[in-house]
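Line order of the protein sequences matches chains A and B. Numbering follows full-length UniProt numbering, in which position 14 of the first sequence is assigned residue number 14; successive positions increment by one, without gaps. Numbering follows full-length UniProt numbering, in which position 68 of the second sequence is assigned residue number 68; successive positions increment by one, without gaps. We put the CB at the ideal spot given by N, CA and C, even for glycine. Reviewing the structure listed below.
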Amino acid sequence: MRYFVRKVGMFFVTIWAAVTLNFVVPRLMPGSPVQATLMRLAASGQVVTNATKRAIEIQLGLPHTSLLIQYGDYLLNIFRFRFGMTYSITDESVSRAIMAAAPWTLVLVGTTTVLAFLVGTMLGVYAGWKRQSRVDSIVTVGSTVFSAFPPFFLGLLLLYFMGFKYHWLPLTGGYTPGLTPSLSLSFLGNAFIHSILPAITLIITSLAGWVLGMRNNMINTLGEDYVLFGEANGLRDKTIAFLYVARNALLPNVTSFGLALGSVIGGSVLVESIFGYPGVGSLLLTAVNNRDYPLMQTIFLMITVSMLVTIFVADLLYGLLDPRVRQ
Amino acid sequence: MISFRNKRRDIIKGVTVEIVVAEDDARPLNEESKSSYNRPKLPGPFVFILRAVSTLWRNKKSRVGLVILGFFIFVSVMAPILAPHSATATNFKPYQNPNATNWLGTTGNGQDVLSQMIYGTRVSLLVGLGAGLLATLIALSIGLVSGYRPGIVDEVLSFTTNLALVLPGLPLMIVIATYLRSNSMWMILFVIGFTGWATGARVIRSQTATLRSRDFVSAASFSGERLLRVVFKEILPNMVSLAAASFFGAATAAVIAASSLEFLGIGNPNTVSWGSILYWAENDNAFLTGQWVLVFAPGIAIVLLSLSFILINFGIDTLSNPRLREK
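Structure below.
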């Protein structure tokens, strides 16, 4: 029980730290977002009056009050889910813009993380079990090489061969332009076909970590005495491989779930930009290009918090799976 | 340790004399054996690197990595001699496919791609190695201090490390780079260095914690040596391979992250680097115009450079553990 209490406590402290960091970072940087926004407005030919300036200041949460009050306002607004308006899209609030993009990324990142975990772990189990074999060296060398690939390069390669050269799969977007997003079967099918290339890119780039990690754990676990005992008892190879070794070797891999998620999210920013996928990553880049600070800050907060929640769940799961860490 | 395995048969005046030589004495007194006799102290950086390279050379994977890295270092040093044209001059016909004068074609602005690739090696190498070094220095100082000072210092530093570990890397870099609003190569280097130290710090911390309870460390601290001296003179020399491993790990991540940021156009797109060649290729729709070289050449260079770091890392364990060296 103490394990879980400690984990829950740590979770809330971490969330608080991340939220606070999101507040502090922009204020540590040179120049103010207000100034940048005003300059952008002026450059686009709009008339900037004092009223506009004040409106922007209020919106950005940077009025001339003390830092403490700003911080309080910031926290309060988070609890009320009020994040202001975005400049990138006309007449759209930050929350609504993110809500529209979030499902795309959630589905893409969620599915690819789980698939990469499953496929990578299976490959790792096999490579570790049959170590020094031909399959093992192919899998290991392949993973090593692919871990050197930046996600965007792999994405571009796939785009070139699968999309442009052979026209097997659509080049860009999350769905065929002209369709309206709905939950109908035809739309979901269309969205699925569009998501294949981004998904493959993400899976391949994140596969390597799982494969190599699992292979290492397998080889370490294979040296344990109970494996020898199982062999001496005449158990079948498959029983030993899956029920004795893989089950125990899997545990450390669960903890690296959080870290893997971080790289998948980073990868998804790149992949979404290449494939013009209408998710949070594309939105983040739109915000960055428009110097849309409220949108950018909120997206970063959302990404961080959702990552922390996933890691927290993985941690709890680890506690359930492995009684030793609960002590 | 004296063993009598090395027997020398010397024939003196027809009489066979068996001279038994202790194994350790039989070795010629080169750098390596000298330092194994004396107390470990850090030699000059040049000797240190040479010794490290000669140790790594014995490992096959590391050797391949060293050759690739050596090639890139050679290219970046010799860039003015090797490059056939200027990297920035726009005096060629734009959108040329590879031909006799421009071996890799020209960009949309009429620059020679091969020369850009050659000069771009400098930026990628500098950012990769520089950011890797910065991240390792931060990781070492935080890891050593928090491993050696249990209690509140360790708690705070460990919490910071864990927080930095779970923050989504690429989005964080994008956000910080956008707030900084300077887009030089150095900015990218510092952002990557300051965000990529957490993994290394965690490993170094746990290794320091185990070393702390060893006899030689207790002896040093009981004999009245200052904290800094114990940490840097007693513990640090035992961490060479860990520090090197975290350096190459951070450098791999840095090469990929830097090219990702450049590819997204964060950073200065007018700096000649592999990432910016890709940025312009994507901007000019190089695939659609059939200029696939613009994507392939820098992409493969990035993969090779990060692969070289990964490969070198395979042999890094042998640096401080002679038992692992291949005969």
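- Taken in chain order, the members of the stretch 137-168 of chain A whose beta-carbon sits within less than 8 Å of a beta-carbon on chain B are T144, V145, S147, A148, F149, P150, P151, F152, F153, L156, L157, L159, Y160 and F164.
- Relative to A:M218, the option among A:I200, A:I204, A:P252 and A:A199 whose CA is nearest is A:P252.
- By the criterion of at least three beta-carbon pairs nearer than 8 Å, the stretch 259-279 of chain A is not in contact with the stretch 71-84 of chain A.
- Taking C-beta atoms as the reference points, B:S62 and B:L311 count as a pair closer than 8 Å.
- Against chain B, the CB of A:A18 has a partner CB under 8 Å away; the residue lies at that interface.
- Think of a sphere of 8 Å around the beta carbon of A:P26: the chain B residues whose beta carbon falls inside it are Y179, in chain order.
- Per DSSP, A:E224 lies in no alpha helix (DSSP H) and is assigned neither H nor E.
- Nearest in C-alpha terms to A:M162, of all of A:V141, A:P177, A:S195 and A:V139, is A:S195.
- Contact check for B:A135 against B:A250 passes: the beta carbons are separated by less than 8 Å.
- Among the residues facing chain B, A:G9 is not included, as its CB has no counterpart in that chain under 8 Å away.
- Within the same chain, A87, T88, Q116, Y119, G120 and V123 come within 8 Å of B:V272 by CB-CB distance, once the 5 residues on both sides are set aside.
- For the 8 Å CB-CB criterion, A:L259 and B:L165 form a contact.
- Spatial neighbours of B:A244 in its own chain (CB-CB distance under 7 Å, excluding positions within 5 residues in sequence) are listed in chain order as I316 and L319.
- Against chain B, the beta carbon of A:I311 has neighbours under 9 Å at V166, listed in chain order.
- Around the beta carbon of B:Q207, 16 or more other beta carbons sit within 10 angstroms, so the residue counts as buried.
- Contact annotation, A:M296 with A:A249: C-beta distance approximately 40 Å; criterion of less than 8 Å not satisfied.
- In the structure shown, A:T86 falls within a coil segment according to DSSP collapsed to helix, strand and coil.
- Under the 8 Å criterion on CB atoms, B:G299 is classed as interfacial with respect to chain A.
- Residues L104, G105 and V293 of the same chain have their beta carbon placed closer than 8 Å to that of B:P98, with the five preceding and five following residues left out of the count.
- Going by beta carbons, A:I203 and A:L115 fall inside the 8 Å limit.
- Distance from the CA of A:E231 to the CA of A:I240, rounded to the nearest whole angstrom, comes to 8 Å.
- A:L308 sits away from A:I78, with the two beta carbons spaced by 8 Å or more.
- Scanning the stretch 99-155 of chain B from its first residue to its last, no whole beta strand (DSSP E) run of 3-plus residues comes out.
- For A:I265, at least one C-beta of chain B is nearer than 8 Å to its own C-beta.
- The alpha-carbon separation between A:F312 and B:L305 amounts to approximately 35 Å.
- Contiguous alpha helix (DSSP H) elements confined to the stretch 157-238 of chain B occur at 169-180, 185-195, 198-212 and 215-222, taking only those with 4 or more residues.
- Annotation for B:S54: the continuous alpha helix (DSSP H) segment containing it runs P45 to W57.
- Around the CB of A:S273, 16 or more other CB atoms lie within 10 Å, so the residue is classed as buried.
- Under the three-state reduction of DSSP output, A:S93 falls in the strand class.
- Taking C-beta separations shorter than 7 Å and ignoring five residues to either side along the sequence, the partners of B:L211 in its chain run V217, I235 and N238, following chain order.
- Close to chain A, meaning a Cβ-Cβ distance shorter than 8 Å, are the following residues of the stretch 272-293 of chain B: L278, E282, F287, L288 and W292.
- Under the three-state reduction of DSSP output, B:G315 falls in the coil class, being neither helix nor strand.
- Taking a contact as a CB-CB distance under 8 Å, the pair B:P171 and A:F4 does not count as one, their CB atoms being some 29 Å apart.
- The Cβ-Cβ distance between B:I188 and B:A258 falls below 8 Å.
- The beta carbons of A:F146 and A:T205 sit closer together than 8 Å.
- Going by beta carbons, B:L69 and B:L56 fall outside the 8 Å limit.
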